[in-house]
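Enquirer: Under the UniProt record's numbering, the first residue of the sequence shown is numbered 1, with each subsequent residue one higher.
All C-beta atoms, glycine included, are put in the ideal place defined by N, C-alpha and C.
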Amino acid sequence: MVFQKVIGFWAPVKANPKYYGEIILQCLFETHPDVQNLFLKCAGLSKEQLQNNPDLQAHGEIVVCKLTKFVQHQQADKSLVKGLAESHAKQHKIPWANIRIISEVIVMVAVEKIDGFDTDAQTALKNVLKEFQTDMGPCYDELGFDQ
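(1) According to DSSP, is His88 part of a helix, a strand, or is it coil?
(2) Phe145 by DSSP, collapsed to three states: which one?
(3) Can you say whether Met1 is buried or exposed, counting buried as having 16 or more other CB atoms within 10 angstroms of its CB?
(4) From Ala110 to Gly44, what distance separates their C-alpha atoms?
(5) Considering only C-alpha positions, which residue in the set Lys5, Asp34 and Lys82 is nearest to Asp141?
(6) Does the pairing of the segment 45-62 with the segment 85-93 give three or more beta-carbon distances under 8 Å?
(7) Within 10 angstroms of the Cβ of Pro54, are there 16 or more other Cβ atoms? Answer buried if so, exposed if not.
(8) Skipping 5 residues on each side, what residues in its chain have a beta carbon closer than 7 Å to that of His32?
(9) Which stretch, first to last residue, makes up the alpha helix (DSSP H) that contains Ile114?
(10) Report the residue ranges of all alpha helix (DSSP H) runs contained in full by the UniProt domain "Globin" (1-141); include only those spanning at least 4 residues, in chain order.
(11) Taking Cβ positions, are Gln57 and Glu22 nearer each other than 8 Å?
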């Protein structure tokens with residue numbers, strides 16, 4: 001039910017993942033500047049240099065597309081979460097806490113950018129993102145990544 005609610009308002013995000021992904025990452029870096037250093041191609045870049053930055057746009061688009069896939073599969077695809085956990089823990093060395101941080105930013109961006117994103121929609125998105133975070137935790141544990 002909660003996934004269906006998110007799918008109901010997610011259409012503009014799904015339709016333009018590059019746009020929303022860029023905004024999400026820009027907001028992430030603005031609200032949590034230390035996190036920017038975890039993104040090697042964006043580390044040390046100024047806010048101006050991040051504007052229309054193809055690396056930022058590409059990564060943001062991936063973030064939105066993966067989240068869209070999670071929402072659409074309604075958690076049925078455990079391999080998606082496991083694959084993301086593996087790449088973020090092993091390859092990118094992203095602490096699990098940052099999954100929570102970006103989730104908060106995704107909600108902030110949705111509130112600001114999606115028309116009609118009311119309290120019920122916020123709660124639904126927070127619940128879906130919490131489920132995603134909860135699914136990621138054991139994967140990180142299994143990989144032995146220090147959370």
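Expert: Result, derived from the coordinates:
(1) Counting from 1 along the sequence shown, the entry for residue 88 is found at position 88. Reduced to three states, the DSSP call for His88 is helix.
(2) The sequence position of residue 145 within the sequence shown is 145, counting from 1. Three-state result, Phe145: coil.
(3) Numbered from its first residue, the sequence shown carries residue 1 at position 1. It is exposed - the Cβ of Met1 has fewer than 16 other Cβ atoms within 10 Å.
(4) Taking the sequence shown and counting its residues from 1, the one referred to as residue 110 is at position 110. Taking the sequence shown and counting its residues from 1, the one referred to as residue 44 is at position 44. Their backbone Cα atoms lie some 27 Å apart in a straight line.
(5) Counted from its first residue, the sequence shown places residue 141 at position 141. Measuring from the Cα of Asp141, the nearest candidate turns out to be Lys82.
(6) no
(7) On the sequence shown, position 54 is the one that residue 54 refers to. Classification of Pro54: exposed, given that the 10 Å Cβ count is below 16.
(8) Position 32 of the sequence shown holds residue 32. Same-chain partners within the cutoff: Ile101.
(9) Stepping through the sequence shown from its first residue, residue 114 is reached at position 114. Neither: Ile114 is in no alpha helix (DSSP H) and is coded neither H nor E.
(10) 2-15, 17-31, 33-36, 47-50, 54-73, 78-86 and 97-113
(11) The sequence position of residue 57 within the sequence shown is 57, counting from 1. The sequence position of residue 22 within the sequence shown is 22, counting from 1. Against a cut-off of 8 Å, the Cβ pair of Glu22 and Gln57 comes out as a contact.
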